[in-house]
Structure formats: C-alpha cells, structure tokens
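Residue numbers (UniProt numbering), protein chains in the order written: chain A, 1 to 488; chain B, 1 to 239.
Using N, Cα and C, we set each Cβ at its ideal position, and we do this for glycine too.
These numbers come from a predicted model, not from an experiment.
Structure first, then comments.
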Amino acid sequence: MSDTLFPKLPYKLKQRADEATVNIQLQQFVNHATYSKDVARKQAMGGAFGENTDAVRDLAGQIKQHTLDHLDHYLEQFIDNATATGVQVHFARDGEQANQIAVAIAEANKCRLCVKSKSMVTEETHLLPALEAVGCETVETDLGEFILQLDNDAPSHIVTPMIHKDRTAVARAFQRELGAEYTEDAEALAQIARKHLREKYRKADLGISGGNFLVAETGSVVLCTNEGNGRFCTTAPRIHVAFVGIEKLVPRLEHLGVMLKVLARSSTGQPLTCYTHTITGPKREHEHDGPEEVHVVLVDNGRTDVLHEDTREMLRCIRCGACLNSCPVYRKIGGHSYGAVYSGPIGAILTPMLKGLENYTDLPHASSLCGACYEACPVKINIPKYLIQLRRDMVQNHLSGTGDRVTMRLWGESLQHEWSYRIGGWMQKTFARMQAKFGGTLETDDPYASRGWLTWAPGPVKGWTQERDMPTPTAKSFRHWWRKEHGR
Amino acid sequence: MQKTTSDRSQLPTMGEGRAALLARVHAALGRDKTQAPSEPAPVVDESIARLASSDADLPALFTERAQSVGMKVHRVSLEQVVPRLRELLGQLEARRIGVAAGSVGERLELELDAALQADGVKQIDWQAREGVSAQYDLDVGITDVHAAIAETGTLVCCSGSRSSRGLSLVPPVHIALVRVSDILPDMIDYWARLKGMPNTELPSSQAFITGPSKTADIEGELVTGVHGPGAVHILLIDG
Chain A
1 MSDTLFPKLP YKLKQRADEA TVNIQLQQFV NHATYSKDVA RKQAMGGAFG ENTDAVRDLA
61 GQIKQHTLDH LDHYLEQFID NATATGVQVH FARDGEQANQ IAVAIAEANK CRLCVKSKSM
121 VTEETHLLPA LEAVGCETVE TDLGEFILQL DNDAPSHIVT PMIHKDRTAV ARAFQRELGA
181 EYTEDAEALA QIARKHLREK YRKADLGISG GNFLVAETGS VVLCTNEGNG RFCTTAPRIH
241 VAFVGIEKLV PRLEHLGVML KVLARSSTGQ PLTCYTHTIT GPKREHEHDG PEEVHVVLVD
301 NGRTDVLHED TREMLRCIRC GACLNSCPVY RKIGGHSYGA VYSGPIGAIL TPMLKGLENY
361 TDLPHASSLC GACYEACPVK INIPKYLIQL RRDMVQNHLS GTGDRVTMRL WGESLQHEWS
421 YRIGGWMQKT FARMQAKFGG TLETDDPYAS RGWLTWAPGP VKGWTQERDM PTPTAKSFRH
481 WWRKEHGR
Chain B
1 MQKTTSDRSQ LPTMGEGRAA LLARVHAALG RDKTQAPSEP APVVDESIAR LASSDADLPA
61 LFTERAQSVG MKVHRVSLEQ VVPRLRELLG QLEARRIGVA AGSVGERLEL ELDAALQADG
121 VKQIDWQARE GVSAQYDLDV GITDVHAAIA ETGTLVCCSG SRSSRGLSLV PPVHIALVRV
181 SDILPDMIDY WARLKGMPNT ELPSSQAFIT GPSKTADIEG ELVTGVHGPG AVHILLIDG
C-alpha cells in the first residue's frame, strides 16, 4: 500500500497510467463516479447561486487568499484562542514529527484502540503504521477508508477514496476479514460495517480526525463528514487529536458562511455535508459527553515552501475534489497513477511543490491544459497557469529530458528560417506518408486530401500511435496549393 | 480526570515549537515578525452569499429543504407534541430512549415523562454517566435544537449542560423538536447570532445536521445509517 502513494522517487507515471487506460473496469467506475459528481456540482452551485456563481467563487478565493497573505497573524490568533479553550496545540515541521506527537499522546495515555476519521494529512504523514507500531490498534472508520484498510489498498480520490473499487471488492473484503456472509447489497454491506465499527467506537480511547477549517477568531476546528464517523471519532473516545495543515485557516466564524456553502456543493452537490461539526475546546465542565482532551497538531510538511508568493494561491485548496471530477485526464488514468497522496489536477501542481519537482517531472505534463479544473475550482485556483509555470521551471532547472530538449531546440531552430521550415516540413510529410504505406493505410489519389492513417511509427511518434492513429499529411502542402491557386 | 481551567495555560506543547513554525511562515511571507493585516478580512457580501432571507416563508422552506435531504418533517401544535411523539415511538417500537429537550418547556417534559411511563418506554438518565457509553443501546434519541436553518434544512445541535452530543448521533433514530421560532433563514444568520461571544462560552460542539447519516462509497449508491442515525424525524412545532 505504501508504494502506491509513496513510490520510489523519482516517480514516472507512465507504467501506472498505461495499466489504468486498459483497465476497462476502472475506467467505468471512475468515469461514472466523476461524471455524476461533476454534473451534481454544476447543478448545486448554479442552482444555489445562479448568476452569482462566479462571484461566490471569487469571494471564497479572496477569503482564503487573504488568510494566506496574513498566515502569521491568523496562526498566532488561532493558537492563542484554541489554547484559551483548553486545546493543546502542537507544531509539526514534517510528517514524521506529526506522527511522533500522536504516538507520544497515545503512549502517555496508554491508548490501545484508536478510531480515525478520514484525513488527507494523516495520509501524507502515514500515521497509521506509526500508531500500530506502538501497540495502538488504529481503525479507519470512513466506510471507503475502512475497506481500503482491510484490503491494504490506498485511496485514489480526495473525497471518495475507493472510487476505483466496486461492490464485489467490498463484499469479498468483509467476507475475508470480518467473516461476514457474502452480499452485494450496498445497504447490507453498510450495516456490516456499522455493526463492526460500533464496537470499535465503544472501546476506543483515542480518536483521530483531520480538519476542513480552522477558525482563527475562536480557535475552532471544523469537520465535514457525511457518515457521522467524524462526529463519533471526536465524541466517543476520551482523547481527540486533530491533524490539520496550517493552510486550513479562515479568519472568523462568519467566513464559514461562504466556505461551507461552496465546499459541499462543489464536492458532492449537497447543500451541506450531513454533519458539519464545529469543535471549540474539549468537553466543558458542565457537559456530559465529549472528549476530555483535544489536541490540534498543526502540520507544515512542505506547506511553508508553497506559501512563497509565486505559488501561494495553491494553498487555497479546500480539498473538495471538484478538479478531479472534472478532469479528462484523471478520469482516464485514475488517482493511483499520480503516485502521491494528492491526485488529479491539484495533485499535479501540489505534489511537485511538496515533494520536489525533480521527483515528479511527469505530473505537470499530466494535463491537456483544457482548463476544466480552473472552471470547477470553488476558490478559483488557476491550476493551468501553475502547470505551465512548473513546466517552465523544469526547463529552466534542466529537469526536462534530453530528448525533449533536443526536439524543442531543433524545432525552434527550424522555425527560424523559411528554408529550414520548408525542409523540415517536407521531411516530416515524406516520412509520414512512407510510413503509412508500410504500417497503416493510405488510400487517396487527391494530393490535397489526407485519407490515410498512421497506425504505427517509431521514435518520438511511437507514444502517440500506441494510443491512437495519426492522420497522414497530404501529399502536397498548403503552400503548394496556395501558389497554384493564387499564383504566389 | 478533566483538567481545570487553571492548569490549561501550562498545557504542554510538543513538536518543533511555535517560534520555529512561525519563522518559516515569516520567511515565506517576506517579513521577520508577525504583522497585523493591513487590510480587513473580506466581508461576507450578502448579495452574493446569502441564499435565503427573512422574507421567505421559513417553515415552508425549512420543511422542503429538510425533506429533500431525507429527513421527515411532522408539523404539530405545542399540544400535539406529546401525542405525536407517543405515536411515533410506537411506530418505531422504541423501548429505550434518551431525551434532552429542556428548552421546549418543563411542562412538556413532565407530560412526556408520564406518557412514556404509561407506554412502558424506558427513559435513560444520560446525564448520570459520563460519555456516550449509556447511549449505544438506545432505540431513539430525542433532542431540541439550538437553531434550524431554512436554506439548507439544517438542525443545529450544540453541547451544553442540558444537551448531549451523543443523542443526535448514537441511537439509530433521531427525533428533533424544532419550534418555528428556532428557524433562521440562512447560515449567515446563525453566525451573526454568535458574533462577539467569547470563544470560551461557545458550545464545545456545534453540530450542523443536514439529513440522516449517509454514504455513497459503494459504487455511488446512496445508503443511509452507516454510522449515525438512519432516520431523522423533525417535529416542527407551531408557535
């Protein structure tokens, strides 16, 4: 499992993408799920905000951008205000340090069983094995994550982690790991999970969650879940630990009035997640249920590198998954192809920033730059702009491959003079038509028509012809035709 | 043991420490110490963000939206609350329940107590035991709400001395008592109500409940009741 999201670096996505594009089942699951979510998002955002849809995205983006521009101020505010309510705030430079903090809390309190709700940050830090290593059994409680844990698999979507699996996989996992009777009925499967996980909530002494927002003014942690596991994990056990990235801040409660409205609508098309939970400190003395200790681990893990002015906008991300759902490339290659915790368009720009551009040189190219992600983003992160910026950085830092550099150099040179352009064009045309005769079809007498297809070609064109046929160029060039028709 | 307020100021901090984190944040922002923002935080422009106003027929809007997210709404008068609850509990074959509905009125509580006793429905004393352990074997949790939001059909259930975090979450059925006067048009109005309240006085838990517990993790098929209640009934009380 750890290989899937933490592959050997530098990571090349080709092998996984190739496997994904011929996996018909995966294509169907991912296509169906992302397409329906994309439609739901458009209907929910448009239905609620109408002609203000764009304006509300601007507003949400401005709120996040303002917070990031003054992150020092809002972080300090949050720390002071959270501490005043009795929350213990900890600081983690990287994933390892974050895990050490959680382990220390578990050990100090002799925790034996931990229930955990879905959190992308804990995926980043790889928390689960760290807790298990000190004898604290840790159970994922989000249904999707629970099934992935049983299967020793990794999430492939920010919001719907087991988008790459179907019900038979769930049924087999429950039969194998929980001794349940085989059933493909979704309702029955959910009930099996409910029964099993209830026992865990009952016994758990530690609850771990992420956090969708942190409110500076009040020191609150905001959690959005649909299943209710997030509320369970932060209500039943005696100790609650929240792992939250430092970029999750908003200034005041009233800003949630905008952020929550766009988050659920962009994510699943719901007006709000079923359970939107605001936690402000541990259980008060006069209250009867809730955790006695609340810890917030503020996780950096590369974020302060992204906070620099020219990439700061990327940190606006509220992890709604809308860019994944709208992306034609994600739909084709699935989340695991991105070889990192964050997949899809946002992953393609965030992963190289968090884990080193030299380690993920394929990701900025894993996009057609169609701009659907930018259009979908509720906080208006200009993802295509950053994809291009990263590609430029790669060239400037000599991270692009030798082949690419030579090709681009030759191309650039040949476009400098008319004679070299002409020779280049003639060579390409002649070669392609010859190739089409041997390894393709070419069936026309019209010198200006392209009726042939190149089905196989060597060298740099091979990558193209493996996936689709390429039309052959016409026998005579446009310039030739123009001269003939117009005399010059 | 619960920590008292006095030792909270010395709560231990782990990891790299506040200063180390802030130093990197300062470096990224191009300054050497924390600066208060030179411009105010963006204002929540209501002409953009507000989706329901007080002009709307709030009970009707709330009912429509609550139903659209899968909750069942029963409109009743104050006198009908207890009879309707009895009927509902009968239909649900509830044997053990927990009730935290103090804000709806003492008379109602007494009336309900008597009725439940007559019907043989056991009411547990959820306040007697710390935590949610006593709530796992309940059939129904009945709660009042701190507010309801018309635009999204949302129930706001907060923690407090007379309310429980667990009763709206742990039992398989949640019945919420909502007075028409509890309904606010938009979430914006809820936050406005809290404005200026010191954070140490905010409820430690504010749950915005919008529908029964749901998942679509298995092939996108919508299933209810995966961890929280599979059914939510709302008694919408006139007056």
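Residue-level contact to chain A via CB, residue i, 9 Å cutoff
i: residue 96/B; result: no
i: residue 42/B; result: yes
i: residue 182/B; result: no
i: residue 129/B; result: yes
i: residue 135/B; result: yes
i: residue 54/B; result: no
i: residue 73/B; result: no
i: residue 173/B; result: no
i: residue 142/B; result: no
i: residue 233/B; result: no
Closest Cα partner of residue i within the set the options
i: residue 209/B; options: 275/A, 169/A, 213/A and 170/A; result: 275/A
i: residue 143/B; options: 167/B, 121/B and 151/B; result: 167/B
i: residue 333/A; options: 24/A, 7/A and 453/A; result: 24/A
i: residue 235/A; options: 282/A, 458/A and 91/A; result: 282/A
i: residue 379/A; options: 354/A, 21/A, 84/A and 45/A; result: 45/A
i: residue 63/A; options: 360/A, 419/A and 249/A; result: 249/A
i: residue 92/A; options: 48/A, 230/A and 295/A; result: 295/A
i: residue 297/A; options: 341/A, 226/A and 214/A; result: 214/A
i: residue 98/B; options: 44/B, 121/B and 14/B; result: 121/B
i: residue 244/B; options: 129/B, 126/B and 187/B; result: Look at the range of chain B in this structure, 1 to 239, and you will see that residue 244/B is not part of it.
i: residue 265/A; options: 199/B, 145/B, 152/B and 123/B; result: 152/B
i: residue 355/A; options: 365/A, 32/A, 368/A and 341/A; result: 341/A
i: residue 141/B; options: 132/B, 148/B and 35/B; result: 132/B
i: residue 179/B; options: 237/B, 57/B and 112/B; result: 237/B
i: residue 104/A; options: 418/A, 130/A, 70/A and 86/A; result: 130/A
i: residue 328/A; options: 15/A, 3/A, 313/A and 33/A; result: 33/A
i: residue 216/B; options: 269/A, 391/A and 446/A; result: 269/A
i: residue 69/A; options: 86/B, 52/B, 59/B and 35/B; result: 35/B
i: residue 282/B; options: 223/A, 346/A and 247/A; result: This structure gives no information on residue 282/B, because the portion of chain B shown stretches from 1 to 239.
i: residue 197/B; options: 81/A, 459/A and 293/A; result: 81/A
Closer than 9 Å to chain B by CB, residue i
i: residue 70/A; result: yes
i: residue 258/A; result: yes
i: residue 268/A; result: yes
i: residue 252/A; result: yes
i: residue 38/A; result: no
i: residue 493/A; result: Outside the shown range of chain A, which is 1 to 488, sits residue 493/A, and nothing can be said about it.
i: residue 48/A; result: yes
i: residue 309/A; result: yes
i: residue 144/A; result: yes
i: residue 342/A; result: no
Residue(s) in a DSSP beta bridge with residue i
i: residue 275/A; result: 225/A and 209/B
i: residue 44/B; result: BP columns for residue 44/B are empty, so no partner.
i: residue 213/A; result: 222/A
i: residue 235/B; result: 74/B and 177/B
i: residue 114/A; result: 138/A and 206/A
i: residue 155/B; result: 148/B and 209/B
i: residue 92/A; result: 299/A
i: residue 215/B; result: 223/B
i: residue 160/B; result: 163/B
i: residue 471/A; result: 453/A
i: residue 293/A; result: 239/A
i: residue 22/A; result: The partner list for residue 22/A (beta bridge, DSSP) is empty, contrary to what the question assumes.
Own chain partners of residue i with C-beta closer than 6 Å, once the 5 adjacent residues on each side are dropped
i: residue 10/B; result: Because residue 10/B carries a pLDDT of 49, less than 50, the predicted location of this residue cannot be relied on, and the following value inherits that uncertainty. Nothing listed; no residue qualifies.
i: residue 162/B; result: 102
i: residue 75/B; result: 236
i: residue 230/B; result: 172, 212 and 224
Same chain, Cβ closer than 7 Å to residue i, neighbours up to 5 away in sequence not counted
i: residue 415/A; result: 421
i: residue 2/B; result: Residue placement at residue 2/B is flagged as unreliable, the pLDDT there being 42, under the threshold of 50; a coordinate-derived value is accordingly withheld.
i: residue 156/A; result: 163, 164, 334, 335, 336 and 343
i: residue 19/A; result: none
i: residue 26/A; result: 20, 164 and 334
Close-in-space but distant-in-sequence residues of the same chain around residue i (CB under 8 Å, 5 per side omitted)
i: residue 68/B; result: 153
Chain D contact for residue i (CB, 9 Å cutoff)
i: residue 471/A; result: The structure shown contains no chain D; its protein chains are A and B.
For the stretch 167-212 of chain B, list the alpha helix (DSSP H) runs that are entirely contained and at least 4 residues long, ordered along the chain.
187-194
Whole runs of the alpha helix (DSSP H) within the stretch 372-422 of chain A, excluding any shorter than 4 residues
As summarised for the stretch 372-422 of chain A, the continuous alpha helix (DSSP H) elements at least 4 residues long and confined to that stretch are 372-376, 383-396 and 402-414, given in chain order.
Task: In chain order, each beta strand (DSSP E) run of at least 3 residues that lies wholly inside the stretch 243-289 of chain A - done: Counting only runs of 3 or more, we get 275-279.
Jot down the residue ranges of each uninterrupted alpha helix (DSSP H) in the stretch 152-190 of chain A, minimum 4 residues, whole runs only, in chain order.
167-178, all fully within the stretch 152-190 of chain A.
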